[in-house]
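Engineer: Below you'll find the structure I mean.
Chains as they are written, first to last, in my numbering: chain A, 1 to 328; chain B, 1001 to 1502.
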């Protein structure tokens, strides 16, 4: 009996079902992809003549976005765990000068190790203060932002530290692998590892659970202190790699490299759909968030806006996107 | 002031929610300067009646008279203006403000220029506190004070607003013994100044200590109002309990032979925090023990200590005769213990995450493929748990938040039972759950015990406790004061009396 009624009603039912599927989709989750496509099409149509679609320009967008994208991958973990890391830009600056100095003193490999060690140490300090002493990460990393950039400025006497190792410069940022800039390869690798790590590993699930409801995560036997420590450690190390990418691309270490990147990275993460309050987030979303910011920057330059106008438009687009993506 | 006999007189109050009658033609009157106990079981209508008096709800029918004058209480400010004050169970204070600032929050005395006059509010706060004969500096920050002082601040706040009637809901639940004594003394002083107090409590000894008269509500009706001198405790408890027999909740004798094994869990002289004191108990495979006690007696804290949430200060825990050190939930889980926590929304679930992710959160190691999670195995395991525990869910990828309370609780149960623990601790497992799901959960608990698991169940609902427990431990002030086998407990009334220590 059930059978007959469904067959007779099937055309209407299926129509209703397809409508249900359309309205049932939570399109807010896809705002970043829709937004990316819309902005891309908009620029393609109106800035096509200014060379927006030329391969050189598109590769340029990727190159300019790569460093932020790397930092933002680490930041996704931090924000998904309901913490924040404001020190990433400064870590990148400190790592760039430390690497440059270590390369000229001891050579290539010790230089790279030094750069990573900077991220490891600063990240570990951030993580310890947050998870062991329970100081809010906002304050810890705000303080660390000053400490790291101040250290970088102090040890270099505010002067740039040139890097003369072509091998280093080629690997980190200046070179190409075939037609692809090495910067883009670095970003792709970080996004791939980060995406799998967050969505497909036990650690990633525990990060999301800790950010979603720390008490419940604790009651489920997750060591949430360790999770908070680890995400800040990851963020520090990832930021130090970003610092080396700056150093390689600009063939020097300088304390200003990375200044302000924490805000761009946070914007990319939030645009990408990660909840500012923790508990949900994807690295692929973050990648599109970073790309969208890069796209907007590039398009506004091509459109001939000056930098003051660019800032206004960029700010407005970020607010609009986050407003559209917010939960009911 | 008129010479009316009653401070508050509620007449023929009726209230229903969505067609369900919660209060049916209830009369309630409080004399001036008396302490009036209001008691009743869960769902008797106590809190609804008080919320009507405070202006949180409006009654469908009935009238309220304050001091002999008919008043209309449509909102919380109306109630305050009529002189009704509430001492909240969960305190309504701002921790970062001082005592004086809290007392006058929203009603700050102003100076000529329209700015807040802090000096005057301090002075007036000092006056109120000294009238209460309480030694408390109005300049101290509330957040730095103990709970007893929070409560005093609440009372002072109500008095500063000229409250003539104070409603106190389980006021001693979070107080230590000497603080309770101090509160009783304060209640005596307030009484002598003509202030009436409506005292809501489940603690019979306290009701007898402080109250002049008592009103018992049952199923939304007034059962009796009497002077306490004329009522025996048995009468009150019978009034609260009623004589309802629910078929689902009858005890079934289970084979006692299975319990003769070595204890699965043995706790010796355990101390943890202020509310677990010198607790010793044993739990054998296949056995269900119930923990009965009043709110704040330390039942939940015992469960937390056994699961490694709260630090154990002294005492030993043995599992199958081997001493274990449970310093964290991870250790407890390794030792085969699972805890279904009291508050499923806060402690049991990540509400925004999917049903599936919630089910798998504690099981991630089992579905690993190297460092990665085997998504397909995870889906299969989640589906298995959903069907095994009959969780009603249309799509396991939807947030667990969308499920009903009963189904959410099943998700929490399934999440833990998926780990196949040997020892299961359930803290209020059926709170806020419909009767159908409730009996399903109780059946499940019996099945688990039949499979040889050891179960410890905490519940404030005595019929439920009596339905499943083979043994009941009575907890009072953090200690096990009695260990009763199920056969010794004649009925719910007997258990109530045991818990009250009457």
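Beta carbons: idealized from backbone N, C-alpha and C, even for Gly.
#1: Within the continuous alpha helix (DSSP H) that includes residue 1241/B, where are the two ends?
#2: Do three or more CB pairs link the segment 165-173 of chain A to the segment 230-249 of chain A at distances below 8 Å?
#3: Please identify, using Cβ separations under 8 Å, the residues of the segment 1341-1353 of chain B that lie next to chain A, in order along the chain.
#4: Looking only at its own chain, which residues have a Cβ that is under 6 Å from the Cβ of residue 324/A, when we skip the five neighbours before and after it?
#5: For the beta strand (DSSP E) that residue 1270/B lies in, which residues bound it at each end?
#6: My assumption, with CB atoms under 8 Å, is that residue 1472/B sits in contact with residue 1444/B. Please give the rounded CB distance.
#7: Counting beta carbon pairs with one atom in the segment 270-284 of chain A and one in the segment 192-208 of chain A, are three or more of them shorter than 8 Å?
#8: Could you give the DSSP three-state label for residue 1060/B: helix, strand or coil?
#9: I'd like to know if residue 240/A contacts chain B, where contact means its C-beta is closer than 8 Å to some C-beta of that chain.
#10: Have a look at 1425/B, 1345/B, 1386/B and 1384/B and flag the residue whose alpha-carbon is nearest the alpha-carbon of residue 1401/B.
#11: By the criterion of Cβ-Cβ separation under 8 Å, what are the contact partners of residue 202/A in chain B?
#12: Would residue 1046/B pass as a contact of residue 1200/B if the rule is Cβ separation under 8 Å?
#13: Can the beta-carbon of residue 118/A be found closer than 8 Å to that of residue 98/A?
#14: Mind checking whether the beta-carbon of residue 1269/B lies closer than 7 Å to any heavy atom of the ligand ATP?
#15: Quick one: using the 10 Å Cβ neighbour count with 16 as the cut-off for buried, is residue 1384/B buried or exposed?
#16: Over what stretch of residues does the alpha helix (DSSP H) that includes residue 1153/B continue unbroken?
#17: DSSP on residue 1338/B, reduced to helix/strand/coil?
#18: Enumerate in chain order the residues of its own chain whose CB-to-CB distance from residue 237/A is below 8 Å, with the five nearest sequence positions on each side excluded.
#19: I want to know whether the segment 1375-1382 of chain B touches the segment 1331-1349 of chain B - three or more CB-CB distances under 8 Å.
#20: Any idea what DSSP makes of residue 1113/B, helix, strand or coil?
#21: Say whether chain B places a C-beta atom closer than 8 Å to the C-beta of residue 205/A.
#22: Using 8 Å as the threshold, is the C-beta distance between residue 1165/B and residue 1085/B below it?
#23: Report buried or exposed for residue 102/A, applying the criterion of at least 16 other Cβ atoms within 10 angstroms of its Cβ.
#24: Given a cut-off of 8 Å, decide if residue 1049/B and residue 1026/B are closer than it, judged by their beta-carbon atoms.
#25: Mind listing, in chain order, the continuous alpha helix (DSSP H) runs of no fewer than 4 residues lying wholly within the segment 1330-1392 of chain B?
#26: At a CB-CB cut-off below 7 Å, which residues of chain B make contact with residue 215/A?
#27: Of all the options 1223/B, 1310/B, 1396/B and 1146/B, which has the alpha carbon lying nearest to the alpha carbon of residue 1238/B?
#28: Beta-carbon separation of residue 1414/B and residue 1391/B under 8 Å?
#29: Indicate whether residue 1093/B and residue 1073/B have their beta-carbon atoms separated by less than 8 Å.
#30: Considering only residues of the same chain and omitting the five flanking positions on each side of residue 1246/B, which have a CB-CB separation below 8 Å?
#31: Of all Cβ atoms in chain B, is any one closer than 8 Å to the Cβ of residue 195/A?
#32: Rounded to whole angstroms, what's the CA-CA distance from residue 37/A to residue 195/A? Just pull it up for me.
#33: What are the boundary residues of the beta strand (DSSP E) that residue 1454/B is part of?
#34: Leaving out five residues on either side along the sequence, give the residues of the same chain with a beta carbon under 6 Å from the beta carbon of residue 1051/B.
#35: What are the residues of the segment 1400-1426 of chain B that lie near chain A, defined by any Cβ-Cβ distance shorter than 7 Å?
#36: Closest by CA to residue 47/A, which one among 321/A, 320/A and 298/A?
Structural biologist: Taking the coordinates as given:
#1: Taking the first residue of the second chain as 1, we reach residue 1241/B at position 241. Start and end: 1233-1241.
#2: yes
#3: 1341, 1346, 1347, 1348, 1349, 1350, 1351, 1352 and 1353
#4: Taking the first chain and counting its residues from 1, the one referred to as residue 324/A is at position 324. The residues are 31.
#5: For the purposes of this step, residue 1270/B is taken as residue 270 along the second chain, with counting starting at 1. Here the beta strand (DSSP E) through residue 1270/B covers 1265-1272.
#6: Position 472 of the second chain, counted from the first residue, corresponds to residue 1472/B. Position 444 of the second chain, counted from the first residue, corresponds to residue 1444/B. Not quite, the Cβ-Cβ distance comes to about 20 Å (not below 8 Å), so this is no contact.
#7: yes
#8: One-based indexing of the second chain puts residue 1060/B at position 60. Note: residue 1060/B maps to coil in three-state DSSP.
#9: Counting from one through the first chain, the residue named residue 240/A turns up at place 240. Chain B contact via Cβ: absent.
#10: Stepping through the second chain from its first residue, residue 1401/B is reached at position 401. Measuring from the Cα of residue 1401/B, the nearest candidate turns out to be 1345/B.
#11: Locating residue 202/A in the first chain gives position 202, where the first residue counts as 1. Neighbours of residue 202/A on chain B, chain order: 1364, 1365, 1368, 1371 and 1373.
#12: Residue numbering aside, residue 1046/B sits at position 46 when the second chain is read from its first letter. Residue numbering aside, residue 1200/B sits at position 200 when the second chain is read from its first letter. The answer is yes: Cβ separation under 8 Å.
#13: For the purposes of this step, residue 118/A is taken as the residue at position 118 of the first chain. For the purposes of this step, residue 98/A is taken as the residue at position 98 of the first chain. Closer than 8 Å, so yes.
#14: No copy of the ligand ATP occurs in the structure displayed, which carries no ligand at all.
#15: Translated into positions along the second chain, residue 1384/B becomes position 384. Residue 1384/B comes out exposed.
#16: Along the second chain, read from residue 1 onward, the residue named residue 1153/B stands at position 153. Start and end: 1147-1160.
#17: Here residue 1338/B corresponds to residue number 338 of the second chain, with the count starting at 1. Correct three-state label for residue 1338/B: strand.
#18: As a working mapping, residue 237/A is identified with position 237 in the first chain. So the list reads 74, 116, 119, 120 and 123, once near-sequence residues are dropped.
#19: no
#20: The residue you call residue 1113/B lines up with position 113 of the second chain. Correct three-state label for residue 1113/B: coil.
#21: Along the first chain, one-based indexing puts residue 205/A at 205. Yes, residue 205/A lies at the interface with chain B (some Cβ there is under 8 Å from its Cβ).
#22: The count along the second chain starts at 1 and reaches residue 1165/B at position 165. The count along the second chain starts at 1 and reaches residue 1085/B at position 85. Contact flag set, yes.
#23: The residue given as residue 102/A occupies position 102 in the first chain. Counting Cβ neighbours within 10 Å, residue 102/A comes out buried, since at least 16 surround it.
#24: On the second chain, residue 1026/B is found 26 positions in, with the first residue counted as 1. On the second chain, residue 1049/B is found 49 positions in, with the first residue counted as 1. Yes, they are a contact pair.
#25: 1355-1360 and 1375-1388
#26: In the first chain, the residue the question calls residue 215/A occupies position 215. Result: 1346 and 1347.
#27: Within the second chain, numbered from 1, the residue matching residue 1238/B stands at position 238. It is 1223/B whose Cα lies nearest to the Cα of residue 1238/B.
#28: The count along the second chain starts at 1 and reaches residue 1414/B at position 414. The count along the second chain starts at 1 and reaches residue 1391/B at position 391. For residue 1414/B and residue 1391/B, yes; Cβs fall inside 8 Å.
#29: Here residue 1093/B corresponds to residue number 93 of the second chain, with the count starting at 1. Here residue 1073/B corresponds to residue number 73 of the second chain, with the count starting at 1. Result no, Cβ atoms of residue 1093/B and residue 1073/B do not sit closer than 8 Å.
#30: Here residue 1246/B corresponds to residue number 246 of the second chain, with the count starting at 1. Here the model assigns residue 1246/B a pLDDT of 49, short of 50, so the residue's position is not dependable, and the following value carries that caveat. So the list reads 1435 and 1463, once near-sequence residues are dropped.
#31: Here the question's residue 195/A lines up with position 195 in the first chain. Not closer than 8 Å to any Cβ of chain B, the Cβ of residue 195/A fails to qualify, so no.
#32: Counted from its first residue, the first chain places residue 37/A at position 37. Counted from its first residue, the first chain places residue 195/A at position 195. The alpha-carbon atoms of residue 37/A and residue 195/A are separated by roughly 21 Å.
#33: Position 454 of the second chain holds residue 1454/B. Run containing residue 1454/B: 1454-1458, per the beta strand (DSSP E) assignment.
#34: Taking the second chain and counting its residues from 1, the one referred to as residue 1051/B is at position 51. Hits under 6 Å: 1057.
#35: none
#36: By 1-based counting over the first chain, the position of residue 47/A is 47. Of the candidates 321/A, 320/A and 298/A, the one whose C-alpha sits nearest the C-alpha of residue 47/A is 298/A.
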